[in-house]
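Worksheet: the structure to be examined is printed underneath.
Protein chains: 2
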Amino acid sequence: MKPSIPKGTRDFGPSEVRKRMHIFDLMKNVFIKYAYNPIETPVMESLSTLMGKYGEEGDKLLFKVLNNGDFLAKANGEALDDRDSNKVITSISKRGLRYDLTVPFARYVVMHQNEITYPFKRYQIQPVWRADRPQKGRYQEFYQCDVDVVGSSSLMYEAELVQIYDEIFAALNIDVVIKVNNRKVLAGIAESVGIMDKFIEMTTSIDKLDKLGMEGVREEMLKKGLTNNDVDKIVDILQIKTLSDLEAKISGSEIGKLGIEELKCFHEYLDQKETTNKVEFDITLARGLNYYTGCIFEVVHSKEAYPELVMGSLGGGGRYDDLTGVFGLKNVSGVGVSFGAARVYDVMNELNLFPASTNVGIEVLIIALSEKAHLYAFKCLNKLRAAGISSDLYPSPAKMKKQMKYANDNNVPNVVIIGGDEMESGKLSFKNMQSGEQSAQSIDEIINSFA
Amino acid sequence: MKPSIPKGTRDFGPSEVRKRMHIFDLMKNVFIKYAYNPIETPVMESLSTLMGKYGEEGDKLLFKVLNNGDFLAKANGEALDDRDSNKVITSISKRGLRYDLTVPFARYVVMHQNEITYPFKRYQIQPVWRADRPQKGRYQEFYQCDVDVVGSSSLMYEAELVQIYDEIFAALNIDVVIKVNNRKVLAGIAESVGIMDKFIEMTTSIDKLDKLGMEGVREEMLKKGLTNNDVDKIVDILQIKTLSDLEAKISGSEIGKLGIEELKCFHEYLDQKETTNKVEFDITLARGLNYYTGCIFEVVHSKEAYPELVMGSLGGGGRYDDLTGVFGLKNVSGVGVSFGAARVYDVMNELNLFPASTNVGIEVLIIALSEKAHLYAFKCLNKLRAAGISSDLYPSPAKMKKQMKYANDNNVPNVVIIGGDEMESGKLSFKNMQSGEQSAQSIDEIINSFA
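First to last, the sequence lines map onto chains A and B.
Residues 1 to 451 (this note's numbering) make up the first sequence, in order.
Residues 452 to 902 (this note's numbering) make up the second sequence, in order.
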């Protein structure tokens, strides 16, 4: 049999894992510095935890795990006889694979509410699964990376999360723009225009601005039942670039004023420190998800820095007022952001931003030219490793050419060659594979050159 | 609804994740130093890759993932009508959850054989799933950690893997004994006694020595059809403590001599460096798995150091000659060891070996006593973080008592208190929570005290 892996899944080889670790390790260090705690939840969740949380379409995209043992014994017999797949599912499957990190986190907070000290700050980096049709750049198994605080409504956290975005993208060397808006401001627009009943229609239309352009958004709103007059007023407000201009326009709306207050308070915190990347008020930022209730964020790559790059947003998030209500715990406000881990990886690959070290497994390969030299070489290898230098020895005194090929295939930057002469003199041939430079050095001298 | 998680799965909270990371990070650093490459394989594998690899019992313990969409449309209708769960499975499920890291690694090597340079050294730390009945210390989702080299028969790697065991357990502060034997030596015993046809029966009996004692093993072998005379001879040989004594006993067996040669060559490499832990030849070490063909290893905690501790082996492994044959790639010899990650975790917990830092999320918590002080405190927080100090600020100027409770609940070792006086003087109240010591210092002085 020729083995294969399921469609939409991937193996990650050494350099891919090293690249991903580079990203995640860097993120983790920032999260820890900002006092976020790691948690991990099981890959399998109860299907009852997952179902109904992602809409009807989401339910279909959940991977369900078959009950073990004689699962048909307890199956819904009628549905089985009718060959009704949908109806039979919950009688033969009680577990599903995690679809995102938000629902498991909400479930975690509710289950552990008595152990948790609020505000509770957590980060979580784990894979999720979706039975989407696989296509270029879209997989059925992929990592998500979420950072949230629950149990406080302080806008300090909004500022802190923007700082985290700023610091991480700066450290990754990706120039980004961090866009900020507030769902209450959007509600203020709707209220000012007098279409509060069409708030969702308005925001989901605005959310498509990137794809459709302003003309398209206009059409979309008309299609959804807004009048020409309303749409004119909305589009007019959407041209506003500053908070103070906006304030005048929506001053009649209480919720709009509250949104502006929140943005101001957020900025008071944020302004205590300069950011590396641009943080930009963007009144057209809407975020599709309706559970956001306050500040919202989105990170996009800088069009100035990378005019050619075509790539969706690299992250997003916002304030929500009721994360855990669906599991029976009311009034837990929180704010969180997530990183588009796969897109960050793709951008870094495309812009060649990964450090060269992610392609290299070891610093030194030792090549021995005889059986006797091999044992001597192993002793040298032990010394290199004891000094903390990642190193290896070809497993046999094979032909020089073969061993050199192994060094090249593995991108090894330095080779030490040991034959009879080297053993006798204690001076080993130390070769830099990039420059081709070669010198005779003792093993201690070689070790010191890495210090 | 009250949410819950599936039986046999666990949430990992902050200190649990930090403890696990402590173990895995330490292991990773050693693997990298020894030139092993990370790989990751998908959680879901094709069921055809997994089935039949773990015996009939294993097939039952595989978690199977239901096909998406109208899965009953393509189901085996007859089996469905007969309610034959076993027969229907492969027609409604084509994916399963990874059961171990060995089979996915074999599948990986075969699929990527043209990209891989041999010898290929890899480590892999990922969770696996087994539908075992959950009980104390046994879970349905747990991490495995495997280190293997494939594509070389050099005994240097046996020595290197024992060094890795030695270095990692030394770094974790667990005193262990690393037991070594060779399957060819066991075959040599069988051949010398003249019961080569009963080799498997002999080894599986010896494998139970820990549980049954030598009398039990004797009975077990008799039960399996060995004669009293054979068993006497075997038990006699099993008393041998040194390689040289053994050599005389099994000199008539070619395979036995080969096994002894392998152990000697392994020791030649290993003896190039002193080990921290005891490495012990143990002729009674058998390892249940029949795919081992050469040296075999097992790590147990030192009975001398921990006479009270009851715990199974902390790791094991060995040489195999045909990892990938089942996927059509013949003659790939390899050697590997694995770490019982969950047991290592349990031992460290029981012996209190985790560094205190795993219980602590941050170094400093700032407490602000007024709204105005809060913004000032946020500026101080930014400075601490910019200096790389993991720190936080309570989100509001709440009552001192409440904020102090938060610090205590989170095991925060240092607190900085900022009120009006502190803002004015620039001298903040810096309190060590363990000693209770308190001093007035500027934020820069506080930062310097962490340098």
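Ideal placement from N, C-alpha and C gives every residue a C-beta, glycine not left out.
Chain-ordered chain A contacts of residue i [CB-CB under 7 Å]
| i | result |
| --- | --- |
| S544 (chain B) | L66 |
| K521 (chain B) | Before going on, a small fix: residue 521 (chain B) reads as Asp here, not Lys. Simply S85. |
| R905 (chain B) | For chain B, the structure presents residues 452 to 902; residue 905 (chain B) sits outside this window and is missing. |
Under the three-state DSSP convention, the category residue i falls into
| i | result |
| --- | --- |
| V231 (chain A) | helix |
| R549 (chain B) | coil |
| Q126 (chain A) | strand |
| T90 (chain A) | helix |
| Y36 (chain A) | coil |
| R589 (chain B) | strand |
| V30 (chain A) | helix |
| H301 (chain A) | strand |
| L186 (chain A) | helix |
| R770 (chain B) | strand |
| I701 (chain B) | coil |
| G151 (chain A) | coil |
| T809 (chain B) | helix |
Spatial distance of residue i from residue j (CA atoms)
| i | j | result |
| --- | --- | --- |
| E422 (chain A) | L381 (chain A) | 15 Å |
| N488 (chain B) | S893 (chain B) | 46 Å |
| G703 (chain B) | V636 (chain B) | 12 Å |
| V364 (chain A) | Y394 (chain A) | 11 Å |
| P578 (chain B) | Y550 (chain B) | 9 Å |
| L477 (chain B) | M51 (chain A) | 39 Å |
| Y291 (chain A) | S449 (chain A) | 57 Å |
| T102 (chain A) | E40 (chain A) | 12 Å |
| I651 (chain B) | D687 (chain B) | 19 Å |
| Y594 (chain B) | V600 (chain B) | 20 Å |
Min CB distance residue i to chain B below 8 Å
| i | result |
| --- | --- |
| G361 (chain A) | yes |
| Y406 (chain A) | yes |
| H22 (chain A) | no |
| M111 (chain A) | yes |
| K379 (chain A) | yes |
| T461 (chain A) | The structure shown does not extend to residue 461 (chain A), since chain A spans only 1 to 451, so no value can be given for it. |
| A131 (chain A) | yes |
| D409 (chain A) | yes |
| R107 (chain A) | yes |
Partners in chain A for residue i, counting only beta-carbon separations shorter than 9 Å
| i | result |
| --- | --- |
| T460 (chain B) | T41, P42, V43, M44, E45 and R95 |
| F514 (chain B) | M44, V65, L66, N68 and R95 |
| E592 (chain B) | P42, V43 and M44 |
| N865 (chain B) | Residues of chain A passing the Cβ test: none, with the nearest at roughly 13 Å. |
Beta-carbon neighbours of residue i, restricted to chain B and to distances below 7 Å
| i | result |
| --- | --- |
| N382 (chain A) | Q723 and K724 |
| E268 (chain A) | L826 |
| K388 (chain A) | In the sequence under discussion, the amino acid at residue 388 (chain A) is Gly, which differs from the Lys named in the question. Those are K484, listed as they occur along chain B. |
Outcome for residue i when other beta-carbon atoms lying within 10 angstroms are tallied against a minimum of 16
| i | result |
| --- | --- |
| T568 (chain B) | exposed |
| R385 (chain A) | buried |
| D683 (chain B) | exposed |
| G547 (chain B) | buried |
| N432 (chain A) | exposed |
| A610 (chain B) | buried |
| K587 (chain B) | exposed |
| R133 (chain A) | exposed |
| K470 (chain B) | buried |
| V412 (chain A) | buried |
| N680 (chain B) | exposed |
| F897 (chain B) | The question names Phe, yet the displayed sequence has Ile at residue 897 (chain B). Under this definition I897 (chain B) is a buried residue. |
Any C-beta of chain A under 8 Å from that of residue i
| i | result |
| --- | --- |
| G787 (chain B) | no |
| A486 (chain B) | yes |
| M653 (chain B) | no |
| M607 (chain B) | yes |
| A622 (chain B) | no |
| A699 (chain B) | no |
| E752 (chain B) | The amino acid occupying residue 752 (chain B) in the given sequence is His; Glu does not appear at that position. Answer no: the Cβ-Cβ gap between H752 (chain B) and chain A never drops below 8 Å. |
| I483 (chain B) | yes |
| K675 (chain B) | no |
| Y550 (chain B) | no |
Under 8 Å from the C-beta of residue i: neighbouring residues of chain A
| i | result |
| --- | --- |
| L844 (chain B) | M156 |
| V539 (chain B) | L72 |
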